[in-house]
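Below is one structure; the comments refer to it alone.
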Amino acid sequence: MNILHYHSDPKILEAIHGIADPGNIRILFICLGNICRSPAAEGMMLDVIERHDDTARWTIDSAGTGGYHVGDLPDGRMRAHARRRGINLTHICRQISEIDFDRFDIIIGMDASNLSRLHAMAPSVDDERKILPMAAFFNQPAHFDHVPDPYYNGAEGFETVLDLLTGATENLYDTIVANLP
Ligand code: 4NP
463 MNILHYHSDP KILEAIHGIA DPGNIRILFI CLGNICRSPA AEGMMLDVIE RHDDTARWTI
523 DSAGTGGYHV GDLPDGRMRA HARRRGINLT HICRQISEID FDRFDIIIGM DASNLSRLHA
583 MAPSVDDERK ILPMAAFFNQ PAHFDHVPDP YYNGAEGFET VLDLLTGATE NLYDTIVANL
643 P
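Numbering (my numbering), first residue to last: 463 to 643.
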């Protein structure tokens, strides 16, 4: 995967400069099932925003490229691991649709497969500019170039996801706030 990095990559600045209304910053997190990684990213981003006392100007959501779990709460293992870090995950699973490219300014994929699905779905080249990899916001040095799917793995996989997302959501928040149009 082509690795972007939040300190320097022009694609990241271009996506942030495309935010339609800096008073309503709309971020959508995407994974495959929308029951593990992307609802965790949503919950952790909301936590960052709350800690900055900055909830009024953000719209945060998540969705899956697949529709296997639509209507479900996040995976019980993901909820348990997040709760130990003080984060309650209450998102109800939904599948992404083309309309989401109108409803969100920045659309963040957890892995290469999510990202290629998003690029294939994007209605226009302008909409493709909204798509960014979560890995672009990892703390450095990073041992991963994507957020690994924990679904078929043990507890360690869920902890890895939360560790990666802790840094990534803080860096995402700081990068957006520092570069708003
Ligand atoms: P997620 O994990 O993409 O992080 O939500 C998965 C959850 C469910 C499935 C795959 C990945 N599944 O195939 O049902």
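Every residue gets a Cβ at the ideal spot worked out from N, C-alpha and C, and that includes glycine.
Query: Inter-residue CB distance, M572 and I492 (contact presumed, cutoff 8 Å); Result: 7 Å
Query: I558: CB within 7 Å of a non-hydrogen atom of the ligand 4NP; Result: no
Query: Span of the beta strand (DSSP E), counted from its first residue to its last, around T521; Result: 520-526
Query: Alpha-carbon to alpha-carbon, P501 and A604; Result: 22 Å
Query: C-alpha distance - L642 paired with P484, whole-angstrom precision; Result: 7 Å
Query: F566 - DSSP class collapsed to helix/strand/coil; Result: coil
Query: Terminal residues of the beta strand (DSSP E) in which I489 lies; Result: 487-493
Query: Completely contained beta strand (DSSP E) runs for the stretch 596-622, where each covers 3 or more residues; Result: none
Query: Cβ neighbours of M507 in the same chain (closer than 6 Å, five flanking residues each side left out); Result: I522, T631
Query: Per-residue burial, T527 [other beta carbons within 10 Å of its own, 16 or more giving buried]; Result: buried
Query: Backbone CA spacing between H608 and L535 [nearest angstrom]; Result: 23 Å
Query: In DSSP terms, what I593 is bridged to; Result: I569
Query: Segment limits, alpha helix (DSSP H) that includes N576; Result: 574-583
Query: Check: N615 C-beta below 7 Å from any heavy atom of the ligand 4NP; Result: no
Query: Beta-carbon separation (whole angstroms), I489 vs F566, contact threshold 8 Å; Result: 7 Å
Query: CA-to-CA distance, I474 to S559, given in whole angstroms; Result: 23 Å
Query: Residues of its chain near Q602, where Cβ-Cβ distance is below 8 Å and the 5 sequence neighbours each way are ignored; Result: H467
Query: Buried versus exposed, by CB contacts within 10 Å (16 or more), G548; Result: exposed
Query: Reference R541; option with closest CA among E590, Q557, A503; Result: A503
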